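Asks:
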Amino acid sequence: MGVYYNLVTNTKYGMRIFQIEGSSTSPWVWLDEKSGIIEISGVSAFHNPFHFYRCLARWIRAFNLGEHKTRVVNMKFEYLDEESRRGMEFILQQLDLLGRENDNITINWFYSGENSLMQKVGMQYSWQSGIPFNLVAA
51 MGVYYNLVTN TKYGMRIFQI EGSSTSPWVW LDEKSGIIEI SGVSAFHNPF HFYRCLARWI
111 RAFNLGEHKT RVVNMKFEYL DEESRRGMEF ILQQLDLLGR ENDNITINWF YSGENSLMQK
171 VGMQYSWQSG IPFNLVAA
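Counting from 51, one number per residue, gives the positions in the sequence shown under the numbering used here.
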């Protein structure tokens with residue numbers, strides 16, 4: 051299974067948008083440099099997710115090198131397998147480090163009211179995170 055991504059640069063304004071197309075086993079990702087919004091959603095249950103999340107962490111750090119900083123991270127997972135949860139913990143650690151430099155980061159963890167597993171995972175992440183963390187029933 052390949053992961054397909056697209057980096058779009060608006061040359062007029064120098065803004066970058068990074069998108070990874072999701073699949074039935076990998077999440078959809080959207081990083082918008084200008085708005086400072088990161089969105090990650092869908093399912094994460096694929097081979098070697100830590101490699102995926104390590105690469106994603108590099109992109110997040112790269113997007114925060116300029117004057118525009120990450121302000122909001124929206125996470126909307128239907129399912130995370132055990133290995134993917136470890137990968138997400140790594141992303142949260144990286145966001146925590148960025149949050150120390152930019153104290154305006156907020157994480158919004160969206161979960162379906164019927165999906166108690168994703169609610170529990172979100173609660174666990176909120177306890178581990180040093181960043182403002184909102185649990186949102188959708």
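Glycine is no exception: its CB is placed at the ideal position from the N, C-alpha and C atoms.
Because the structure is a prediction, the values reported are computed rather than measured.
(1) If I measure Cβ to Cβ from tryptophan 159 and keep anything under 6 Å in the same chain, skipping five residues before and after, which residues do I get?
(2) Determine the DSSP secondary structure at alanine 187, reduced to helix, strand or coil.
(3) Using three-state DSSP, classify glycine 92 as helix, strand or coil.
(4) Keeping to the same chain, check which residues put their C-beta closer than 7 Å to that of alanine 187; ignore five residues upstream and five downstream.
(5) Using a Cβ-Cβ distance under 8 Å, would tryptophan 109 count as near chain D?
(6) So leucine 130 is in the beta strand (DSSP E); what residue range does that whole segment cover?
(7) Between which two residues does the alpha helix (DSSP H) carrying isoleucine 110 extend?
(8) To the nearest angstrom, report how far apart arginine 111 and leucine 148 are at their CA atoms.
(9) Roughly how many whole angstroms lie between the Cα atoms of glutamine 143 and proline 99?
(10) Distance check for phenylalanine 183 and tryptophan 177, CA to CA, integer angstroms please.
(11) Buried or exposed: tyrosine 175, going by 16 or more other Cβ atoms within 10 Å of its Cβ?
Replies: In terms of the structure at hand:
(1) Along the sequence shown, read from residue 1 onward, the residue named residue 159 stands at position 109. The residues are Met125, Gly172, Leu185.
(2) Your numbering for residue 187 matches position 137 in the sequence shown. In the three-state reduction of the DSSP assignment, alanine 187 falls in the strand class.
(3) For this step, residue 92 is matched to residue 42 along the sequence shown. Glycine 92 falls in the strand class under three-state DSSP.
(4) Numbered from 1 along the sequence shown, position 137 holds the residue referred to as residue 187. So the qualifying residues of the chain are Tyr161, Gly163.
(5) Within the model displayed, chain D is absent; a lone protein chain is all it includes.
(6) Sequence index remark: in the sequence shown, residue 130 carries index 80 (1-based). That run of the beta strand (DSSP E) goes 122-130.
(7) Residue numbering aside, residue 110 sits at position 60 when the sequence shown is read from its first letter. Bounds of the alpha helix (DSSP H) holding isoleucine 110 are 99-113.
(8) One-based indexing of the sequence shown puts residue 111 at position 61. One-based indexing of the sequence shown puts residue 148 at position 98. Going by the C-alpha atoms only, they are around 8 Å apart.
(9) Locating residue 143 in the sequence shown gives position 93, counting from the first residue. Locating residue 99 in the sequence shown gives position 49, counting from the first residue. One C-alpha to the other measures close to 16 Å.
(10) Locating residue 177 in the sequence shown gives position 127, where the first residue counts as 1. Locating residue 183 in the sequence shown gives position 133, where the first residue counts as 1. So the two alpha carbons sit approximately 9 Å from each other.
(11) Within the sequence shown, the letter at position 125 stands for residue 175. Its Cβ being crowded by 16 or more others within 10 Å, tyrosine 175 is buried.
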